[in-house]
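Note sheet for the following structure.
In the numbering used here, the protein residues as written are 14 to 396.
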């Protein structure tokens with residue numbers, strides 16, 4: 014809702030503001046099991062499931078384009094489910110200098126079902142002093158969303174401790190692979206008023222859209238699914254790293270680097286004609302991400318720390334798809350951008366720590382981000 018409200022409508026009777034309520038039900042379960050093959054070899058696994066959600070929203074506001082007040086009512090139910098299972102092992106290898114090998118395999122699945130978002134908008138009629146069904150914008154909308162995502166992540170780590178005089182050295186190296194895929198489909202339907210015969214347009218939605226009113230001389234259902242309302246994405250990350258942790262007297266130095274190859278693709282397509290002008294967002298990049306941390310012990314309860322790292326931030330599937338959703342009537346629509354690229358980040362941190370009954374510390378930190386991923390407002394001719 015937007016615009017300057019005329020003085021005659023500035024009362025609580027007309028402008029009741031924004032009211033939203035949610036009722037959430039969650040069901041979770043977790044289980045862990047461990048099996049020791051030998052004193053130096055053990056396996057274990059765990060898994061967790063989560064279930065939940067619900068929403069009701071109503072608000073009124075001034076709509077400048079029509080010069081009137083609109084009353085918006087929306088019912089929304091979202092069912093989400095997350096499953097994650099992992100099997101992992103720790104192995105102490107005496108033949109390799111008592112080095113440690115840790116491996117893990119994680120499989121996860123997330124689902125989202127939004128079976129019937131219903132939105133009804135009413136326009137204030139000054140002559141009747143009541144709200145009547147408004148046939149524009151998202152009024153009469155029925156929205157159905159479905160999302161499925163799977164993640165598979167194997168990884169292995171190797172570590173080795175050495176004692177060199179007064180110094181302790183820990184070497185670590187590892188490799189990992191992440192395969193992630195997602196499918197999303199949205200379908201939009203609307204009740205359009207084709208006639209007015211025998212219809213009470215001031216009735217609440219449950220009576221307004223009753224079966225007797227769905228007819229050629231009343232309401233008809235039209236599909237308004239857009240060419241950008243479905244997408245599929247896949248993201249593969251192949252990575253390797255090496256690091257060393259050296260402790261010597263009052264000093265501790267941790268340094269290393271991680272190399273990642275990221276191959277990401279999101280294809281947004283017309284649900285009814287997939288080959289018709291698909292929108293493809295594709296990125297295949299290799300990044301080297303160094304990091305170093307230095308700790309100096311000023312005393313038994315006081316440290317100085319310094320850190321530097323160069324991580325990256327990659328866009329999510331949703332951010333790369335031009336799927337559009339308007340949350341508030343008259344407000345901005347959220348749309349993804351297929352031209353997004355990864356963000357290169359540099360972090361610098363200096364810290365003084367003093368451990369007393371509670372930790373006291375002072376920090377100086379700085380972060381720079383090249384090509385940051387952020388929300389932007391883009392004005393169009395409809396504004």
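By construction, the Cβ of each residue, glycine as well, lies at the ideal position given by its N, Cα and C atoms.
Rounded straight-line distance, which links the Cα of residue 159 to that of residue 95 = What you label residue 95 is simply residue 82 of the chain shown in a count that begins at 1. What you label residue 159 is simply residue 146 of the chain shown in a count that begins at 1. So the alpha carbons of these two residues sit roughly 14 Å apart.
Nearest residue (CA-CA) to residue 313, options 156, 141, 263 = Sequence index remark: in the chain shown, residue 313 carries index 300 (1-based). Among 156, 141, 263, the Cα nearest to that of residue 313 is on 263.
Per DSSP, the bridge partner or partners of residue 120 | One-based indexing of the chain shown puts residue 120 at position 107. Paired residue(s): 98, 165.
Select from 116, 99, 98, 97 the residue whose C-alpha is nearest the C-alpha of residue 428.
-> Residue 428 is absent from the model: the chain starts at 14 and stops at 396.
Coil, strand or helix - residue 25 by DSSP | Taking the first residue of the chain shown as 1, we reach residue 25 at position 12. Residue placement at residue 25 is poorly supported in this model, since its pLDDT is 48, which falls under 50; the coordinates still yield a value, given next. Coil.
Per-residue burial, residue 359 [other beta carbons within 10 Å of its own, 16 or more giving buried] | As a working note, residue 359 is residue 346 in the chain shown. The residue is exposed, with fewer than 16 neighbouring Cβ atoms inside 10 Å.
Using CA coordinates, which residue listed in 392, 182, 330, 134 is at the minimum distance from residue 163?
-> For the purposes of this step, residue 163 is identified with residue 150 of the chain shown, where counting begins at 1. Measuring from the Cα of residue 163, the nearest candidate turns out to be 330.
I think residue 146 touches residue 140, with their Cβ atoms under 8 Å apart; what is that distance to the nearest whole Å?
-> Walking along the chain shown from the start, residue 146 turns up at place 133. Walking along the chain shown from the start, residue 140 turns up at place 127. The pair is not a contact, with the Cβ atoms about 15 Å apart (cut-off 8 Å).
Do residue 316 and residue 258 come within 8 Å of each other at the CB atom, strictly closer than that value?
-> In the chain shown, counting from the first residue as 1, residue 258 sits at position 245. In the chain shown, counting from the first residue as 1, residue 316 sits at position 303. Taking 8 Å as the Cβ cut-off, residue 258 and residue 316 do not qualify as a contacting pair.
Measure the beta-carbon distance from residue 185 to residue 256 and round it to whole angstroms, keeping in mind my assumption that it falls under 8 Å.
-> Your numbering for residue 185 matches position 172 in the chain shown. Your numbering for residue 256 matches position 243 in the chain shown. Indeed, because the Cβ distance is near 5 Å, the residues count as touching under 8 Å.
Touching by the beta-carbon criterion (3+ pairs, under 8 Å), the stretch 291 to 307 and the stretch 167 to 177 = no
Quick one: grab the DSSP three-state call for residue 128.
-> By one-based count along the chain shown, residue 128 stands at place 115. Here residue 128 sits in strand by DSSP.
What does residue 199 pair with, by DSSP beta-bridge criteria?
-> Here residue 199 is taken as the residue at index 186 of the chain shown, counted from 1. Partner(s): 158.
Residue 35 to residue 70 span [Cα, whole Å] | As a first step, residue 35 is located in the chain shown; it is residue number 22 there, counting from the start. As a first step, residue 70 is located in the chain shown; it is residue number 57 there, counting from the start. Residue 35 and residue 70: Cα-Cα distance of roughly 9 Å.
Check whether the Cβ atoms of residue 201 and residue 237 lie closer than 8 Å to each other.
-> Residue mapping note: residue 201 aligns to position 188 of the chain shown, counting from 1. Residue mapping note: residue 237 aligns to position 224 of the chain shown, counting from 1. Taking 8 Å as the Cβ cut-off, residue 201 and residue 237 qualify as a contacting pair.
On the three-state DSSP scale, how would you describe residue 285?
-> Counting from 1 along the chain shown, the entry for residue 285 is found at position 272. Residue 285 falls in the coil class under three-state DSSP.
Determine the contact status of residue 207 and residue 229, defining contact as a CB-CB distance below 8 Å.
-> Here residue 207 is taken as the residue at index 194 of the chain shown, counted from 1. Here residue 229 is taken as the residue at index 216 of the chain shown, counted from 1. Yes.
Where do the N-terminal and C-terminal ends of the beta strand (DSSP E) with residue 318 fall, by residue?
-> Numbered from its first residue, the chain shown carries residue 318 at position 305. Note, residue 318: beta strand (DSSP E), 315 to 322.
Opening and closing residue of the beta strand (DSSP E) in which residue 368 lies | Counting from 1 along the chain shown, the entry for residue 368 is found at position 355. Looking at the DSSP string, the run of the beta strand (DSSP E) that includes residue 368 is 356 to 368.
Write down every uninterrupted run of the beta strand (DSSP E) in the stretch 228 to 256 whose length is 3 residues or greater and which is fully enclosed by it, in chain order.
-> 232 to 236
Between which two residues does the alpha helix (DSSP H) carrying residue 330 extend?
-> As a working mapping, residue 330 is identified with position 317 in the chain shown. Residue 330 -> alpha helix (DSSP H) spans 330 to 333.
DSSP on residue 193, reduced to helix/strand/coil?
-> Sequence index remark: in the chain shown, residue 193 carries index 180 (1-based). Looking at residue 193 - three-state DSSP - the assignment turns out to be strand.
Under 6 Å Cβ to Cβ from residue 251, same chain only, skipping five residues before and after it: list those, please.
-> Residue mapping note: residue 251 aligns to position 238 of the chain shown, counting from 1. Taken in chain order, the residues that qualify are 190, 274.
Go through its chain and collect everything with a Cβ distance to residue 363's Cβ below 6 Å, but skip five positions before and after it.
-> Within the chain shown, residue 363 is the residue found at index 350, counting from 1. Excluding residues within five positions, the ones whose Cβ falls inside 6 Å are 319, 377.
Taking the alpha-carbon positions, what's the residue 144 to residue 214 distance?
-> Position 131 of the chain shown, counted from the start, is the residue given in the question as residue 144. Position 201 of the chain shown, counted from the start, is the residue given in the question as residue 214. Between residue 144 and residue 214, the C-alpha separation is close to 8 Å.
Under 8 Å between C-beta atoms of residue 150 and residue 342 | Locating residue 150 in the chain shown gives position 137, where the first residue counts as 1. Locating residue 342 in the chain shown gives position 329, where the first residue counts as 1. For residue 150 and residue 342, yes; Cβs fall inside 8 Å.
CA-to-CA distance, residue 355 to residue 386, given in whole angstroms | Numbered from 1 along the chain shown, position 373 holds the residue referred to as residue 386. Numbered from 1 along the chain shown, position 342 holds the residue referred to as residue 355. Cα-Cα distance, rounded: 8 Å.
Residue interval of the alpha helix (DSSP H) (run including residue 221) = Position 208 of the chain shown, counted from the start, is the residue given in the question as residue 221. Run containing residue 221: 218 to 221, per the alpha helix (DSSP H) assignment.
Do you know how far the Cα of residue 66 is from the Cα of residue 39?
-> Here residue 39 is taken as the residue at index 26 of the chain shown, counted from 1. Here residue 66 is taken as the residue at index 53 of the chain shown, counted from 1. Straight-line Cα distance between these residues: approximately 7 Å.
Kindly list the residues whose CB is nearer than 6 Å to the CB of residue 86, restricted to its own chain and excluding five residues on each side of it in sequence; keep chain order.
-> Taking the first residue of the chain shown as 1, we reach residue 86 at position 73. The residues are 71, 133.
Could you check the C-alpha separation between residue 278 and residue 203 for me, to the nearest Å?
-> Translated into the one-based positions of the chain shown, residue 278 becomes position 265. Translated into the one-based positions of the chain shown, residue 203 becomes position 190. The alpha-carbon atoms of residue 278 and residue 203 are separated by roughly 32 Å.
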